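Numbering (my numbering), first residue to last: 1 to 83. The beta carbon of each residue, even a glycine, is placed where N, CA and C say it ideally should be. None of the values given here were measured: they were computed from a predicted structure. Here the structure comes first, spelled out in structure tokens, and everything after it is commentary.
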Ligand SMILES: [Zn+2]
């Protein structure tokens, strides 16, 4: 097995290692400690604030999408683990 140090990895691999060891929002760059929650889609993350901004932007541009959003939210349990 060939061992490679981070310095010899492809840029994308270095980005993945850095993102996994020091998670921060890929959009606003706030660390986990500065936001309510980070959602991971490795190697990227989005924080609750950027997700909310995205929802607002999509809602303004696509008003019909709000109905889908609202029906999705209505199906969510009030607390994690509830059905
Ligand atoms: Zn963010």
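Beta-carbon proximity check, residue i vs residue j, cutoff 9 Å
i	j	result
residue 38	residue 54	no
residue 26	residue 44	yes
Distance cut-off 8 Å: residue i Cβ against heavy atoms of ligand 1
i	result
residue 49	yes
residue 35	yes
residue 46	yes
Alpha helix (DSSP H) segment containing residue i, residue limits
i	result
residue 40	Where residue 40 is concerned, there is no enclosing alpha helix (DSSP H), although the beta strand (DSSP E) it sits in stretches over 38-41.
residue 84	Because the chain is modelled from 1 through 83, residue 84 falls outside the range shown and cannot be assessed.
Host beta strand (DSSP E) of residue i (start-end)
i	result
residue 47	44-47
Residue from the options with nearest C-alpha to residue i
i	options	result
residue 36	70, 50, 76	50
residue 34	78, 46, 65	46
Residue i in three-state terms, based on DSSP
i	result
residue 3	Caution is warranted here: a pLDDT of 43 is assigned to residue 3, below 50, making its placement in the model unreliable, and the coordinate value is therefore given only provisionally. It is coil, neither helix nor strand.
residue 8	Bear in mind that the predicted position of residue 8 carries a pLDDT of just 49, short of 50, making it unreliable; the figure below should be weighed with that in mind. Helix at residue 8.
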